[in-house]
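Asker: Residue numbers (numbering that gives the first Met the number 0): 0 to 830.
Handing you this structure, nothing more for now.
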Amino acid sequence: MKALQFSKYTRIYFESRHTETYENSRLSFVKSALAKESSNNIFQYFKEIAHKVSLKTDDGTNILGNRYKKIDFIRPDSVLASYLSGEINEKKDFRNLDIIYPFGFNASQKQAVENAMNNQVSIVEGPPGTGKTQTILNIVANAVIKGKSIAVVSSNNEATKNVFDKLAKNDVSFIAAYLGSGKNKQEFVDSQSGCLPEFSGWERSIQENEDIQSKLLELAKNLDVMLVNKNQLSALQQEQDVVLTEKEHFEEYYDKINQEQINIKARKILKPKAVLKLLIELENRNVDSRISFFRKVAYAFKYGIWDKSFYLAENSVRIAICQKLFYTLKISELKQAVNKLENELEHYNFIERMNEYSELSMKLFKSYLHKKYAGMNERKLYKVDDLWKNSEEFIINYPVVLSTTYSLRSSLSSKLVYDYVIVDEASQVDLATGVLALSCAKNTVIVGDLNQLPNVIKDETKKETNSIFERYNLSAKYNYSMHSLLSSVSAVFEDVERIMLREHYRCHPKIIGFCNQKFYDNQLIILTEPKTDKEPLVVYKTVAGNHSRDRMNLRQIDVIEKEVIPEQKLNVDIDSIGIVTPYRNQTEHLQQVFKNTKVKADTVDKFQGQERNIVILSTVDDEITDFTDDPNRLNVAVSRAIDQLIVVTDGNDPKRNTNIGDLIGYIKYNNCEIIDSKLYSIFDYLYKYYEEQRKVFLRKTKRVSEYDSENLMYGLIMEVLQGDFRKYDVAVHVPLRMIVRESLLLTNEENRYVLNENTHVDFLIYSKIVHQPVLVIEVDGYEFHKAGTVQIDRDIKKNAILEKSKLPYIRFATNGSEEKEKLYEKLKSIL
């Protein structure tokens, strides 16, 4: 098309050789985003990538490449234009009060919908079981009710089919067209019916709709508060479970220290923080000094402790008693808070009010659809050619289009631009097809989870596409081999509005608890409760040996068939059972073993997006490989299980410093099994609270010690852990007796040194998942620790104890250098 512009008129020459003349006042000229050199350079890169990675037809036609070839104009208001420039359009001024939630909602889903309606680009992070589809449906409903067109796409048909099925369940699927591939389009055309649904009961007057809106506003005021309370209740219940589990482990240590079973009963109501203050005072006492009469009286009145046996006991026993009292009081405090919130929610009738809100929202949605469609006597039937010839008309009748990212642009006219494009499972969408989908979107919502499996790019393809990337001199944010659509959009738009869906509704609390700690930094709010009496977490270990051959482990398959199934009382013909493995070879053999049953066996990658009541994870490897141990793969495998997760693994040496090892350690810890180890579990809950109180005790902000050198080291440790070692945390001034057993390996003198309540390690890095010590860090002041001093003898003794206990340690002298590099390398060597 060409145009000749005159003073008052413009003549346009169309490709069909037809010409038209228009007054300039009737025309507006829009410049393509490709007119900008940097944007055009990035787009040309993707065009070349598309030709390289695309599948070809039998006659050699490059499908994806051809679709890119046809793009010669990119609207400046499109998401692709923003993506190429790295600049998002300004926010829209959309009143959040106008948003409805016909498919139900929670606090984070509500924020996700508001973000979608007010921003050109928004990201919804959707961990497993957090209601991604529900969020998408609410965005769809709000877009449709505003008269907007919307496309929902993913890299596969399963995710979009789920959206269509949920629309059908609520009798509103007639607004959606399942398009995409030529086959899907033909099936849609063939399945059309001129009949519209029965709209009986959908019609409402303007006054009725206004009354519903007023009721929704009234409900929303209290529901927002109650949603916060609901989440707080869940967080408290999770915390309560953590403390109860840790207290069970503490009992072994307590019984060893307090062999005379001295008990106290405080004669006043104490808060856990008060007990920690007493604990700190006791730990800062001289080990040999007795508690004076006046101090006893002060403790009696301040803490209500009058028991004579408490004051006659050794200081280490008194400290242990205080620690036990902390657990008891904290559990009681949490129980009271839980009961209070439960009563508030029950009194408010929270579930009934939530259902009422959703039902009223659905009535408004259906009222709008009645107004739009009820006047049609008969619905128009479309032919395949109409999909691209009459796209503007079609999208009015079918405002929701479902497709793959690969085929969206060819679902209707390639000139059509959707008001909204929602990309589901975006971590599995490759950049070439993702960019193609963004080319026909005015606004987009990117939905996915970077902690689940990304799109798979073969090594050969990586090599070829990296070669192309190097020629274009682009930012790594656009690198095809490095990024999925989700990770690239996150990198390009660093300040994009994003929300993590935090409320989890799928798995047993103990099952998702591992994923929550390991992969989501405890951000998930677990709203599930146990539904069966089955043990939620089980480990089966094969006899030690080399059983794996060619990525297949027949011994593990035998264990599943002959031990797991009968011992766990699983019914292969009735129960919802899934068996997941890292490797295709293991999967194919399992499929043969269970081919005449309801058991579904497949690779973890194929299981993403699915769920089963019982999931059996076969690790296959004799020695865990990086492929099996991939954190995203393990996250997907674990989170497929609703009621029970059974891990079948080898019986060889413990898998320390692996993700699989963390899972097994987590299972042992939460089943209260005692690990036959020379090291105690570190009681991180107690010591996190202790550390907070110690900071108060020191009365100096951001100080964890009286010594500046230790405060500097604490800051350095936290900086290092925030990088590649997020699975670890640090505790300060941990008594040595808390992490090292009295052992036959130690001399009598060393055992006495361990049990001395004043003997501690400066810093202890430990695993947040399995609660095991990882590394001791000591800070040595030059004058205090130099040769010939008493302290250097103690250092030598402590080193010997740590070495015999097989606990790694590192010492930093205050007159040394390169502490950060040394700590990083030490942790790396441990891994």
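Ideal Cβ positions, reconstructed from N, Cα and C, are used throughout, including at glycine.
When the Cα of R655 is compared with those of V646, Y665, V647, which residue comes out closest?
Answerer: For this step, residue 655 is matched to residue 656 along the sequence shown. Looking at the Cα atoms, Y665 is the closest of the given residues.
Asker: Let's see if you can read the secondary structure: which residues bound the alpha helix (DSSP H) around Y471?
Answerer: Counting from 1 along the sequence shown, the entry for residue 471 is found at position 472. It spans 458–471 - the alpha helix (DSSP H) in which Y471 sits, taken as one unbroken run.
Asker: CB-CB under 6 Å to I768, same chain, minus the five flanking residues each way: which ones, in chain order?
Answerer: Residue mapping note: residue 768 aligns to position 769 of the sequence shown, counting from 1. Q516, K517, D661, Y665, listed in sequence order.
Asker: Using a Cβ-Cβ cut-off of 7 Å (strictly less than) and excluding sequence neighbours within five positions of W836, which residues of its own chain qualify?
Answerer: With the chain represented from 0 up to 830, any question about residue 836 goes unanswered, as that position is not in the structure.
Asker: For E19, which of helix, strand or coil comes out of DSSP?
Answerer: The sequence position of residue 19 within the sequence shown is 20, counting from 1. Strand, per DSSP.
Asker: R554 bridges to which residues according to DSSP?
Answerer: Within the sequence shown, residue 554 is the residue found at index 555, counting from 1. DSSP, once it has assigned bridges, lists no residue as partnering R554.
Asker: Counting Cβ pairs closer than 8 Å, one from the segment 459–472 and one from the segment 33–45, do we hit at least three?
Answerer: Yes, they touch.
Asker: Between T403 and N117, what straight-line distance do the alpha-carbon atoms span, to the nearest angstrom?
Answerer: Residue numbering aside, residue 403 sits at position 404 when the sequence shown is read from its first letter. Residue numbering aside, residue 117 sits at position 118 when the sequence shown is read from its first letter. Approximately 25 Å, taken between the alpha carbons.
Asker: Name the residue from L774, I738, P734, Q771 whose alpha carbon lies nearest to the alpha carbon of N755.
Answerer: Walking along the sequence shown from the start, residue 755 turns up at place 756. It is P734 whose Cα lies nearest to the Cα of N755.
Asker: Pick helix, strand or coil for D831, following the three-state DSSP scheme.
Answerer: Lying before the first or after the last residue shown, residue 831 is absent from the chain, which here runs from 0 to 830.
Asker: Here's the rule I'm using: 16 or more other beta-carbon atoms within 10 Å means buried, otherwise exposed. How should K184 be labelled?
Answerer: In the sequence shown, residue 184 corresponds to position 185, counting from 1. Buried, because 16 or more other Cβ atoms sit within 10 Å of the Cβ of K184.
Asker: Give a yes or no on whether the C-beta atoms belonging to V78 and T443 are separated by under 9 Å.
Answerer: As a first step, residue 78 must be located in the sequence shown, where it is residue number 79. As a first step, residue 443 must be located in the sequence shown, where it is residue number 444. Yes.
Asker: How big is the Cα-Cα spacing for S291 and Y302?
Answerer: What you label residue 291 is simply residue 292 of the sequence shown in a count that begins at 1. What you label residue 302 is simply residue 303 of the sequence shown in a count that begins at 1. So the alpha carbons of these two residues sit roughly 16 Å apart.
Asker: Among residues of its own chain, excluding the 5 on either side of A111, which ones have a beta-carbon nearer than 6 Å to its beta-carbon?
Answerer: In the sequence shown, the residue the question calls residue 111 occupies position 112. Contacts found: V123, T134, I498.
Asker: Mind listing, in chain order, the continuous beta strand (DSSP E) runs of no fewer than 3 residues lying wholly within the segment 97–142?
Answerer: The segment 97–142 contains these whole beta strand (DSSP E) runs: 120–124.
Asker: Nearest-angstrom Cα distance between I11 and R25?
Answerer: Here residue 11 refers to the residue found at position 12 of the sequence shown. Here residue 25 refers to the residue found at position 26 of the sequence shown. Taking the straight line joining both Cα atoms gives about 13 Å.
Asker: Determine, using beta carbons only, whether A490 and F45 come nearer to each other than 9 Å.
Answerer: Here residue 490 is taken as the residue at index 491 of the sequence shown, counted from 1. Here residue 45 is taken as the residue at index 46 of the sequence shown, counted from 1. Contact: no.
Asker: Quick check on DSSP: helix, strand or coil for P565?
Answerer: Locating residue 565 in the sequence shown gives position 566, counting from the first residue. Note: P565 maps to helix in three-state DSSP.
Asker: Tell me whether P508 sits in a helix, a strand or coil according to DSSP, three-state version.
Answerer: Mapped onto the sequence shown, residue 508 falls at position 509. P508 falls in the helix class under three-state DSSP.
Asker: For R725 and L344, I'd like the C-alpha separation in whole angstroms.
Answerer: By 1-based counting over the sequence shown, the position of residue 725 is 726. By 1-based counting over the sequence shown, the position of residue 344 is 345. Each residue's Cα considered, the two are about 36 Å apart.
Asker: Buried or exposed: where does H346 fall if 16 or more other Cβ atoms within 10 Å of its Cβ makes it buried?
Answerer: Indexing the sequence shown from 1 puts residue 346 at position 347. Label assigned to H346: exposed.
Asker: I need the boundaries of the alpha helix (DSSP H) containing S617, first residue and last residue.
Answerer: As a working mapping, residue 617 is identified with position 618 in the sequence shown. Note, S617: premise wrong, no alpha helix (DSSP H); beta strand (DSSP E) at 611–617.
Asker: Could you tell me which of S804, E749, G85, N757 sits nearest to V775, measuring between CA atoms?
Answerer: By 1-based counting over the sequence shown, the position of residue 775 is 776. Closest option to V775, Cα to Cα, is S804.
Asker: Less than 8 Å between C-beta atoms, sequence neighbours within five positions excluded: which residues of the same chain meet that for E355?
Answerer: Sequence index remark: in the sequence shown, residue 355 carries index 356 (1-based). Same-chain partners within the cutoff: L218.
Asker: Assign I800 to one of three DSSP states: helix, strand, or coil.
Answerer: Within the sequence shown, numbered from 1, the residue matching residue 800 stands at position 801. Helix, per DSSP.
Asker: Using the Cα positions of N262 and N750, report the straight-line distance between them to the nearest angstrom.
Answerer: Here residue 262 is taken as the residue at index 263 of the sequence shown, counted from 1. Here residue 750 is taken as the residue at index 751 of the sequence shown, counted from 1. Whole-angstrom Cα-Cα distance: 25 Å.
Asker: Mind checking which residues open and close the beta strand (DSSP E) that includes F811?
Answerer: Locating residue 811 in the sequence shown gives position 812, counting from the first residue. From DSSP, the beta strand (DSSP E) with F811 extends over 808–812.
Asker: Going straight from the alpha carbon of D418 to that of N161, what length do you get?
Answerer: Here residue 418 is taken as the residue at index 419 of the sequence shown, counted from 1. Here residue 161 is taken as the residue at index 162 of the sequence shown, counted from 1. If I take the Cα positions, the gap works out to 22 Å.
Asker: What did DSSP end up calling L830 once you bin it into helix, strand or coil?
Answerer: In the sequence shown, counting from the first residue as 1, residue 830 sits at position 831. Residue state, collapsed to three classes: coil.
Asker: Compute the Euclidean distance between the alpha carbons of L830 and K667, then round it to the nearest angstrom.
Answerer: Position 831 of the sequence shown, counting from 1, holds the residue named residue 830. Position 668 of the sequence shown, counting from 1, holds the residue named residue 667. Computed Cα separation, rounded: 21 Å.
Asker: Would you mind giving the Cβ-Cβ distance between V152 and L569, rounded to the nearest angstrom? I have them listed as a contact below 8 Å.
Answerer: In the sequence shown, the residue the question calls residue 152 occupies position 153. In the sequence shown, the residue the question calls residue 569 occupies position 570. Rounded, the Cβ-Cβ distance is 38 Å, inconsistent with contact.
Asker: Is H482 helix, strand or coil by DSSP?
Answerer: Translated into positions along the sequence shown, residue 482 becomes position 483. Coil.
Asker: Using a Cβ-Cβ cut-off of 6 Å (strictly less than) and excluding sequence neighbours within five positions of V646, which residues of its own chain qualify?
Answerer: Looking up residue 646 in the sequence shown gives position 647. Excluding sequence neighbours, V646 sits near V538, L616.
Asker: Give the straight-line distance between the Cα atoms of E832 and L763, rounded to the nearest whole angstrom.
Answerer: In this structure the chain extends from 0 to 830, so residue 832 is not present and cannot be described.
Asker: Can you list, in chain order, the residues of its chain with a C-beta nearer than 7 Å to that of Q522? Leave out the 5 residues immediately preceding and following it.
Answerer: Start at 1 with the first residue of the sequence shown, and residue 522 comes out as number 523. M499, R501.
Asker: Using a 10 Å radius around the Cβ and a threshold of 16 neighbouring Cβ atoms, would you call H770 buried or exposed?
Answerer: On the sequence shown, position 771 is the one that residue 770 refers to. Classification of H770: buried, given that the 10 Å Cβ count is 16 or more.
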